[in-house]
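Position 53 of the sequence shown, counting from 1, maps to 53 under UniProt numbering, and the rest follow consecutively.
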Amino acid sequence: MWAQLRSGRRLEFSGRVWALIVGILVGFVILIEVVARVNHLRGPLDLLATDLVGRPQIGEIKIAGMLLALVCMPSRMRLPVVGAAVALELAWNTQRLIVGNAPTVGNGILFALIGTAAFAGWRLHGRERAGTLKAVGLGLLLIVMGRVGDVWLVLSSRANPNVLDEYVELADRALGSPSWAIGSVVSGTPWLTEVLSKVYVYLPVAAAVIAFFQLRNSARDGFPRHHIVRTFLLIGLIGPVIYFLFPVVGPTYAFGHELLGADWQDVWPQQLPVIGDPAAHYYNQSVARNCMPSLHTAWAMCIFLHGWRGPVLSKVFGTFWLICTTGATLGFGFHYAIDVLAGAIFTLTLEAALTRPELGWSRHRLAVVVFGTAAFSGLLLATRYLAVEMSDSGVLGGLALIATVLAVAAAFLTVEMHPGRDRIPAGEIPAEAGPMVRRGREWAAAARTWGSEAWSSITREAKKAGSTKL
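Given below as structure tokens:
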């Protein structure tokens, strides 16, 4: 048996399926390593080796990987794993301080996760071993895919010497050029800059927080059939491909002073650049072409959507993170507003394909995914080929762009809120369901029971009366 359906929302894969998944991922990482080496770049395996025994970078994603693993592993394993990670980090950073280097985070986390996997395979048994290995695997997967993404970004700059920022900036004027407006506010407000920068950097940790609400009982009950990690990783796998098709560096690079000597016009965020006929121009290839779509917005939208499937605290957290991330992407000049809209459409389309797996693949779900894909593609094509017309359209162009996002959101909700009945036995409410969902299903079950009993009573009375019409 390849998989076991525990309930309408929980699915347990067999060992063969897990082995196949691991094999595919390892093959993918090796492929990216080969492509990087051919292009004389450091590959993900090389970067991970440095993270393990050298000076690691991007410690936030290591922390997120550790938190995700801790959430998913059996409860008795959590404290020893945290203790080992903290002790190893202290040892590594004490050595750094002794020789005069700045401290960082990563070595201890990686060694703790790898050591936990080795311990689980050696000493644990049954469900506890399986749960620990899956938890460590998820944590390491987030870290590994982060390094794969780093290589993708460098490859995007090598593959595209020219960028399309002039087209995007012109089209963005239909929305009122929000990056310039918000950038002026953020650059003049130090406390807001500090808050938004922390939100922007710690986005993977925020995803781990939402994963806590969804996966905290996974070691005991199995993994939900749909959770934030699936969408989060798919965004990171598919999104960077679009960077090769639509290379954009962002307003603070193309029209600001983020990279000295590489800008075309140093005007962000004080005034809009002067652009005649838009064209693709060369830009310094040390900067990644990672703007279209805004994956930070896509991931923040993922956090928002999954947060709203949980309790009130996760709803508030997800909403806060989406608002602050949008403010950061625009306020720091890393993205245009059209990048943000594209990121939202991108995530809504992916979620429409993934959410409510118990409903299966219907014509309606397929139509929603096709509609979202068409809207996303149309947004990119309009930005590239109708930039001047969009710039001259005034408020109508902006309303059309916003209406497109709202239409995709409404289509997504028709899948998310589909009234189809879950294949869950009566009385069995999944642990990850929110309080309102659980209460609604309890009321629905009670109503069905009452209706069945009432109909049986009517039928019996009718038969006693000699009626033959019922």
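Don't be surprised by glycine CBs; every beta carbon is placed ideally from N, CA and C.
Just so you know, these numbers come straight off a predicted model, no measurement behind them.
Which stretch, first to last residue, makes up the alpha helix (DSSP H) that contains residue i?
i: Phe334; result: No alpha helix (DSSP H) holds Phe334; DSSP gives it neither H nor E.
i: Gly236; result: 228 to 245
i: Met390; result: 387 to 392
i: Ser218; result: 218 to 221
i: His306; result: 295 to 307
i: Thr252; result: 251 to 254
i: Ser179; result: 178 to 187
i: Tyr167; result: 165 to 172
i: Glu358; result: Here Glu358 belongs to no alpha helix (DSSP H), and DSSP marks it neither H nor E.
i: Asn39; result: From DSSP, Asn39 is part of no alpha helix (DSSP H); its letter is neither H nor E.
i: Pro204; result: 203 to 215
i: Arg289; result: Arg289 -> no alpha helix (DSSP H), and no H or E assigned at all.
i: residue 471; result: This structure gives no information on residue 471, because the portion of the chain shown stretches from 1 to 470.
Residue i: which of the options sits nearest, CA to CA?
i: Ala102; options: Arg123, Ile143, Arg55; result: Arg55
i: His296; options: Leu233, Pro419, Phe244; result: Leu233
i: Phe317; options: Thr189, Phe213, Gly106, Trp180; result: Phe213
i: Pro247; options: Val312, Asp339, Leu142, Ala36; result: Asp339
i: Gly398; options: Arg173, Met417, Ser377, Val415; result: Arg173
i: Ala280; options: Trp264, Ser294, Thr193, Thr132; result: Trp264
i: Val151; options: Pro240, Gln270, Ala367, Ala64; result: Pro240
i: Arg220; options: Arg76, Ser391, Leu381; result: Arg76
i: Thr326; options: Leu25, Asp51, Ala298, Leu305; result: Ala298
i: Ile275; options: Thr329, Val148, Glu169; result: Glu169
i: Asp392; options: Ser177, Leu20, Leu215; result: Ser177
i: Ile32; options: Arg384, Met145, Ala410; result: Met145
i: Leu245; options: Val163, Ser218, Arg230, Val186; result: Val163
i: Tyr336; options: Leu175, Asp46, Leu45, Gly360; result: Leu175
Taking Cβ positions, are residue i and residue j nearer each other than 7 Å?
i: Gly108; j: Ala130; result: no
i: Ser179; j: Pro251; result: yes
i: Lys315; j: Trp308; result: yes
i: Pro161; j: Tyr253; result: no
i: Gly115; j: Ala69; result: no
i: Val405; j: Leu341; result: yes
i: Asn290; j: Tyr243; result: yes
i: Glu416; j: Thr349; result: no
i: Pro357; j: His226; result: yes
i: Met345; j: Ala375; result: The question names Met, but residue 345 in the sequence shown is Ile. Cβ distance < 7 Å, so Ile345 and Ala375 count as in contact.
i: Gly343; j: Pro293; result: yes
i: Ala135; j: Met73; result: yes
i: Phe412; j: Ala352; result: yes
i: Pro273; j: Tyr167; result: no
i: Ala206; j: Ile228; result: no
i: Val81; j: Ala118; result: no
i: Arg147; j: Leu52; result: no
i: Ala64; j: Ala171; result: no
i: Val71; j: Leu215; result: yes
Which class does residue i belong to by DSSP, given the choice of helix, strand or coil?
i: Asn160; result: coil
i: Ala19; result: helix
i: Leu52; result: helix
i: Pro224; result: strand
i: His418; result: coil
i: Tyr282; result: strand
i: Cys72; result: helix
i: Ala102; result: coil
i: Glu258; result: coil
i: Pro311; result: coil
i: Gln95; result: helix
i: His364; result: helix
i: Gly276; result: coil
i: Trp264; result: coil
i: Val248; result: coil
i: Gly378; result: helix
i: Ile58; result: coil
i: Pro269; result: coil
i: Gly126; result: helix
i: Gly43; result: coil
Taking only beta-carbon atoms, is residue i less than 7 Å away from chain C?
i: Tyr200; result: Given the protein chain composition of this structure (a single chain), no chain C is represented.
Assess contact between the segment 46 to 66 and the segment 201 to 209, defined as three or more Cβ pairs (one per stretch) separated by less than 8 Å. Is contact present? yes
Given 8 Å as the limit, is there contact between the segment 20 to 40 and the segment 145 to 165, that is, 3 or more CB pairs closer than that? yes
Assess, as a yes-or-no matter, whether the segment 330 to 339 is touched by the segment 177 to 192 under the definition of 3 or more beta carbon pairs within less than 8 Å. yes
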